[in-house]
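Read the structure below first, then the notes.
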Amino acid sequence: MPTFHPHKGPYVRELKPGERITGFFLVRYKQLESFRDRTRGQFLTLMLSDRTGSVLARVWEGAPELAETFEQGSTVKVQGDVEMYMDRAQIIVQKLRPANADEYDLRDFQPTTEKSIDELTEVVRRAVDRIQDPHLAALVRRFYHDPAFLRLFTRAPAARRVHHAYIGGLLEHTAEVLALCGTVLALYPEIDSELLMTGALLHDIGKVREYDWQADIEYTDEGQLIGHITIGDEMVSAAIAALPGFPEELAMRVRHMILSHHGRYEWGSPRRPQTLEAMALHQIEELDAQVNRFRGLLANRPEGEPWTPYDRLLGRSLYAGRGDLEIDEQSREE
383 MPTFHPHKGP
393 YVRELKPGER
403 ITGFFLVRYK
413 QLESFRDRTR
423 GQFLTLMLSD
433 RTGSVLARVW
443 EGAPELAETF
453 EQGSTVKVQG
463 DVEMYMDRAQ
473 IIVQKLRPAN
483 ADEYDLRDFQ
493 PTTEKSIDEL
503 TEVVRRAVDR
513 IQDPHLAALV
523 RRFYHDPAFL
533 RLFTRAPAAR
543 RVHHAYIGGL
553 LEHTAEVLAL
563 CGTVLALYPE
573 IDSELLMTGA
583 LLHDIGKVRE
593 YDWQADIEYT
603 DEGQLIGHIT
613 IGDEMVSAAI
623 AALPGFPEEL
633 AMRVRHMILS
643 HHGRYEWGSP
653 RRPQTLEAMA
663 LHQIEELDAQ
673 VNRFRGLLAN
683 RPEGEPWTPY
693 DRLLGRSLYA
703 GRGDLEIDEQ
713 SREE
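Residues in the sequence shown are numbered consecutively from 383, following my numbering.
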């Protein structure tokens, strides 16, 4: 698997017992522990990770002093020996130091969209440019023509765990929602296309402030206390207030799409969809989220297994099939 930074070293998935490795990893966990023989002092237990998985690591010598040199959640350069412990690989660390910012790429340590960021960004840019209503065009361009916003938007995840929970996930989700909107609009011409596309572009923008993705994907304080729906509504309301002459009715309809896009009170929406465009947006974005969620669970099931493990949030396992449903052309014709 190619790395984003040339000096990354091996991914966790590539570690083999008996090898001495040098590479960069994210410190997910860090704990000083005492040897059973207390006269030996303390050793350091680490959980190191990258975008392919996690591996246990131990520091036997000089652990207390070394532990003072780096923080949990930081990126470190490690040299060590890969060994087997209880049927799993672990690294016995020989050398470790904090990494310099130019020595690594965060995309090597976090799950990242498999699609091209540039291509997804172009999909969004084209959607922005297609909006003709002067008020809606000014509103969406206030965000998507802002380099600071776009930098966050193209990196942000769409969730912590459930769907599109990786770097670039918010951008990918938005591009997919836009594509689905095109299909729905072709089938249902009575839906206001400009309004729906505006809702697709703006419905999740609050997630750029809801999540912190510098190490692991975590909620910000604002995200935990307020949530992306309310944050997004505040962002859009502030943008509308800065646009002279923005129609009150149009502002209300745009805000309603943001406030209702989760569809249900129990899913975090302060309002349920009450316009045609809001209902369509909810169904479209829910479809994309669930397909991504199912796809991820099915892709990560144990090799050779037709069923995924039980998913607590879904309340069920998913079935991938047993690979015996191939139909050749002759039998298809019969």
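Glycine included, C-beta positions come from ideal geometry on N, C-alpha and C.
Asked, Found
"Own chain partners of Leu534 with C-beta closer than 6 Å, once the 5 adjacent residues on each side are dropped", "Val590"
"Neighbour-count burial assignment, Tyr526, 16 or more Cβ in a 10 Å radius", "buried"
"Reduced DSSP category for Leu428 - H, G, I as helix; E, B as strand; rest coil", "strand"
"Ile549 versus Pro539 - alpha carbon distance", "5 Å"
"Reference Leu448, options His610, Ala519, Phe425 and Asp463, closest by Cα", "Phe425"
"Between the CA atoms of Tyr467 and Arg440 - distance to the nearest angstrom", "11 Å"
"Glu667 burial status per 10 Å Cβ neighbour count (16 or more: buried)", "buried"
"Three-state secondary structure assigned by DSSP to Trp649", "helix"
"For Glu453 and Gln755, the rounded distance between their alpha carbons", "Missing from the structure shown is residue 755; the chain here goes from 383 to 716 and no further."
"Uninterrupted alpha helix (DSSP H) stretches inside the segment 435-459 (no shorter than 4 residues)", "445-449"
"Delimiting residues of the beta strand (DSSP E) encompassing Pro480", "Arg470 to Pro480"
"Inter-residue CB distance, Leu437 and Val475 (contact presumed, cutoff 8 Å)", "Residue identity differs from the one stated: residue 437 is Val in this sequence, not Leu. Not confirmed; about 11 Å, so no contact."
"Selection from Leu502, Met429 and Glu485 that minimises the alpha carbon distance to Arg470", "Met429"
"Distance between beta carbons of Ala557 and Val505, contact taken as under 8 Å", "4 Å"
"Residue interval of the alpha helix (DSSP H) (run including Tyr526)", "Pro516 to Tyr526"
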